[in-house]
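Going down the list, the sequences are from chains A and B. At position 238 of the first sequence (counting the first as 1) the number is 270 in my numbering, and the numbers step up by one without a gap. At position 269 of the second sequence (counting the first as 1) the number is 301 in my numbering, and the numbers step up by one without a gap. Every residue gets a Cβ at the ideal spot worked out from N, C-alpha and C, and that includes glycine. Since we're looking at a predicted model, the values are computed, not measured.
Protein chains: 2
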Amino acid sequence: MPPAFPKAEYEARLAKVQAEMARRGLDALVIGDPNSHNWLTGYDAWSFYTPQIVLVQHDAEPIWMGRKMDGGAARFTTYLTDDQVRPYPEDCVQREGVHPMDFIGASMAELGLDGHVIGYESDTYFFTPKAFTRLQAALPSARWQDADLLVNWCRTIKSDAEVEVMRQAARLVEGAMTVAYETIAPGVRQCDLMAAVVAKQVGGNKDFGGDLTALSPLILAGEAATTAHPMWTDEKFVAGQTVALEFGGTRKRYNAGLARTVQLGAGPQRLFDTANAVIEGLEAVLEAMKPGAIAHDVHRAWQDVLDQYGLTKESRIGYGIGVGYGPDWGEHTVSLRPGETTVLQANMTIHVMLGMWLDDWGMEMSETTLVTASGVECLTTYPRDIHVVT
Amino acid sequence: MPPAFPKAEYEARLAKVQAEMARRGLDALVIGDPNSHNWLTGYDAWSFYTPQIVLVQHDAEPIWMGRKMDGGAARFTTYLTDDQVRPYPEDCVQREGVHPMDFIGASMAELGLDGHVIGYESDTYFFTPKAFTRLQAALPSARWQDADLLVNWCRTIKSDAEVEVMRQAARLVEGAMTVAYETIAPGVRQCDLMAAVVAKQVGGNKDFGGDLTALSPLILAGEAATTAHPMWTDEKFVAGQTVALEFGGTRKRYNAGLARTVQLGAGPQRLFDTANAVIEGLEAVLEAMKPGAIAHDVHRAWQDVLDQYGLTKESRIGYGIGVGYGPDWGEHTVSLRPGETTVLQANMTIHVMLGMWLDDWGMEMSETTLVTASGVECLTTYPRDIHVVT
């Protein structure tokens, strides 16, 4: 398999990052986020549980630095050449008194980076306090500048090729939701529903398969419906339950999310009333989304609808979504909520997530959306009504 | 669903951690590793992608601090009471200029912890440099002591109840491997094999279902066989391929790993020769494992066999395994390799992982093992020969 995108795509991404580095006066950037490794180079392996970085400099190709047994994955998932792959030895993995970042830091020093201004990500998964301390020790004269989310913000606006892949991810999650609708019933174990869902997420369709999703698939049923991210159990669904389902579809590591709510048999009127308000709120949000719209104004459109129905929701109603390994498919950039001044731009992809977690029940509804030249398009297309299983 | 274990189990675990804290002179311990949150309290939710800690003190019950929308999961997955659950507000999640650790730090200050000796984990996923900096700012007079892996080492020796759950995890992965053997064939897409595998991992059997495994399931086929952690693709298996499969089974978040190798049709003699050496090496390793054995001696037993066959393997041949969310099921404690002085003890669980990644092909063989009172037991039981699909 070649890398997910043509070489020119990765070159354009690198140029974007280098331009932002130049603007900030960074000589080099240490990228710790494996999602960004994939985005910037195509590198794709389940190897980020040991320390791994991509180093970006000006007038140089990016360099992957990671564990020796994983360096081979660069050969068939990226366009990196052998001198752009610098592995550290196996015997420093999870061993007391030594750390892979000692080797990575020494490698950076060899490249002449000590004494330079180096950006790092202060708040990304998998780049730990110790990793940072060891790098600093290896490059004692470097000036370290927090460049958290620099690459994430570069990732927010998708290329047309990325949008195409996210459309495929949307097809995968629609398929998974259909399987869930066909499978769920009183007496079915939650784990058996989930088995059918993950099989569809991964097996995909005749044209393409999928990956595991960055966010674990979620079933909110019974007592678990009052909280946002519960894990499934062996319990059987029971008649009368309201069940919220939040799944993804993931294609070439790009995620599309979709949440819907199912009612097993007769449901309480409050459910249908709330669903109607949420659907109306969603329509108002979609109406407000377009290039130039400000994130807090999009949220205001939602809040105006909720106010009419006396409903409240404390958490944000949407966030940037895209390339991602676990545990999160959010990009940690755009958030739709009060006080956010981010201006929406064409080709941003946003998971509009309207989860209502109330005192003793809950429901969810979401769409993965694409900001277009003039408005918004739902990449996920699926009936929005509460699905009643009779 | 009640928590995974009886209350007394969690009380014993807490006492273990508090004893080690006392030995090190720690007044409090900030635990960032979600695997340890689960181990110590039972807390189980896919919520660790936003900052979340468990705080342990002496003469006090542990306290979970995390995102508001996730606090509810503590109600039905733990024995924590309402005053042991301290959520931070939604609007500080992934917002510039504010950080959840500001709230967590303020909460710790309220508990009177400023000026005290506080342990933290310097090298765990999900506890970032910024998280640490913000905590330090909120508790300016605290003395911070690196207590990385303190809880992980407490986790190495399993209770009998944990062993029972790991036996169930072993049943799950055996089931998944059988499904893989039944499904794999030339012409089958890798994603379709994986769909069948994850469905079995999650759906389990009639007695119990499973979770997603902490380590992504892996297929090493074709060019990807030369590296350790490649991701599956849509490609079809082809006749003549050697395919290594590394899967887990996960029950109540406890993982058991199992790797085997499949040959599609006639295979090269080097494969069967290498497999015979590896099987002999595995038997030597199992012979050497018992309470009192030293990790490097166990590795020596393996190396002695490899030396006879002129084979080399740079990476470690085993590591502690147990409770874990992604991305790793290893405990980051025991490693079987040269120079490791860890003494094996009864009820340690170790994934003996014999991956041979050679220049242009590879194979794998592994067992999840339990150190017993007098030797070792394989929790996974599965034929070890190369499975030839004819």
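Below 8 Å between beta carbons: does that hold for residue i and residue j?
i: A/Gly-242; j: A/Thr-282; result: yes
i: B/Gly-352; j: B/Met-380; result: yes
i: B/Thr-293; j: B/Ile-95; result: no
i: B/Gly-74; j: B/Ala-36; result: yes
i: A/Ala-60; j: A/His-131; result: no
i: B/Leu-296; j: B/Pro-218; result: yes
i: B/Ile-349; j: B/His-331; result: yes
i: B/Asp-180; j: B/Asp-155; result: yes
i: B/Ala-174; j: B/Ile-150; result: yes
i: B/Gln-200; j: B/Phe-240; result: yes
i: B/Ala-316; j: B/Met-395; result: no
i: A/Asn-184; j: A/Thr-245; result: no
i: B/Met-397; j: B/Ile-326; result: no
i: A/Met-226; j: A/Trp-264; result: yes
i: A/Thr-274; j: A/Leu-303; result: yes
i: A/Gly-299; j: A/Val-420; result: yes
i: A/Tyr-42; j: A/Leu-72; result: yes
i: B/Lys-39; j: B/Tyr-111; result: yes
i: A/Gln-84; j: A/His-69; result: yes
i: A/Met-388; j: A/Lys-345; result: yes
i: A/Glu-153; j: A/Asp-76; result: no
i: B/Cys-186; j: B/Glu-93; result: no
i: B/Cys-223; j: B/Asp-266; result: yes
i: A/Pro-161; j: B/Pro-161; result: yes
i: A/Pro-249; j: A/Phe-269; result: no
Which residue marks the beginning of the alpha helix (DSSP H) containing residue i, and which one marks its end?
i: A/Cys-410; result: It is not in any alpha helix (DSSP H) - A/Cys-410 instead sits in the beta strand (DSSP E) that spans 408–410.
i: A/Asp-178; result: Segment 175–178 is the beta strand (DSSP E) holding A/Asp-178; no alpha helix (DSSP H) there.
i: B/Tyr-42; result: 39–56
i: B/Val-183; result: 182–187
Kindly indicate the opening and closing residues of the beta strand (DSSP E) around residue i.
i: A/Ala-60; result: 60–63
i: A/Met-97; result: 95–99
i: A/Val-220; result: Element bounds for A/Val-220: n/a, residue is neither H nor E.
i: B/Tyr-30; result: Within the shown structure, residues of chain B are numbered from 33 to 422, placing residue 30 of chain B beyond reach of any answer.
i: A/Arg-83; result: It is worth fixing the name first, because residue 83 of chain A is Pro in this sequence and not Arg. Where A/Pro-83 is concerned, there is no enclosing beta strand (DSSP E), given that its DSSP letter is neither H nor E.
i: B/Arg-416; result: Where B/Arg-416 is concerned, there is no enclosing beta strand (DSSP E), given that its DSSP letter is neither H nor E.
i: B/Arg-118; result: 117–120
i: B/Thr-73; result: Premise fails: B/Thr-73 lies in the alpha helix (DSSP H), 66–73, not in any beta strand (DSSP E).
i: A/Met-321; result: Where A/Met-321 is concerned, there is no enclosing beta strand (DSSP E), given that its DSSP letter is neither H nor E.
i: B/Met-380; result: First-last for B/Met-380: undefined, no H or E at that position.
i: B/Thr-365; result: 362–367
i: B/Thr-400; result: 398–403
i: A/Ile-353; result: 350–353
i: A/Leu-112; result: Taken as a continuous stretch (DSSP letters only), A/Leu-112 belongs to no beta strand (DSSP E), as it is neither H nor E.
i: A/Leu-250; result: 250–252
Answer yes or no: the CB of residue i versus the heavy atoms of the ligand HEM, is any distance below 7 Å?
i: B/Leu-72; result: For the structure depicted, the ligand HEM is absent and the ligand set is empty, with no information on it obtainable.
Select from the region 337–351 of chain A all residues with a C-beta closer than 8 Å to any C-beta belonging to chain B, and list them in chain order.
-> Glu-346, Ser-347, Arg-348 and Tyr-351
Any chance you could list the beta strand (DSSP E) runs of at least 3 consecutive residues sitting entirely within the region 254–318 of chain B, in chain order?
-> 274–283 and 286–296
Fully enclosed by the region 135–161 of chain B, which beta strand (DSSP E) runs are 3 residues long or longer?
-> 149–152
Which residues, in order along the region 99–116 of chain B, keep a beta-carbon less than 9 Å from a beta-carbon of chain A?
-> Arg-99, Lys-100, Met-101, Asp-102, Gly-103, Gly-104, Ala-105, Ala-106, Arg-107, Phe-108 and Thr-109
Should the region 168–182 of chain A be called in touch with the region 73–80 of chain A, which here means at least 3 C-beta pairs below 8 Å?
-> no
Cβ pair count under 8 Å reaching 3, the region 113–127 of chain B against the region 96–103 of chain B | yes
Check whether the region 321–331 of chain A touches the region 403–410 of chain A, taking contact to mean three or more Cβ pairs, one atom from each stretch, closer than 8 Å.
-> yes
Closer than 8 Å, Cβ to any Cβ of chain B: which residues of the region 48–75 of chain A, in chain order?
-> none
Three or more C-beta pairs closer than 8 Å, one from the region 200–213 of chain B and one from the region 221–233 of chain B: is that the case here?
-> yes
May I ask you to verify whether the region 354–367 of chain A touches the region 337–346 of chain A, counting CB pairs closer than 8 Å and requiring at least 3?
-> no
Please list the residues of the region 364–382 of chain B that have a C-beta atom closer than 9 Å to any C-beta atom in chain A, keeping them in chain order.
-> His-364, Thr-365, Ser-367, Arg-369, Pro-370, Gly-371 and Glu-372
Residues, ordered as in the chain, of the region 263–275 of chain A that lie near chain B by beta-carbon distance below 9 Å = Met-263, Trp-264, Thr-265, Asp-266 and Glu-267
What are the residues of the region 161–173 of chain B that lie near chain A, defined by any Cβ-Cβ distance shorter than 8 Å?
-> Pro-161, Lys-162, Ala-163, Phe-164 and Thr-165
Listed in chain order, which residues of the region 202–228 of chain B have Cβ atoms closer than 8 Å to some Cβ of chain A?
-> Arg-221, Gln-222, Cys-223, Asp-224, Met-226, Ala-227 and Ala-228
Where the region 234–249 of chain A meets chain D: residues whose CB sits under 8 Å from a CB there = The structure shown has no chain D; the protein chains it does contain are A and B.
Check whether the region 189–197 of chain B touches the region 251–270 of chain B, taking contact to mean three or more Cβ pairs, one atom from each stretch, closer than 8 Å.
-> no
Chain B contacts from the region 134–165 of chain A (Cβ-Cβ distance under 9 Å) | Tyr-152, Glu-153, Ser-154, Asp-155, Thr-156, Tyr-157, Phe-158, Phe-159, Thr-160, Pro-161, Lys-162, Ala-163, Phe-164 and Thr-165
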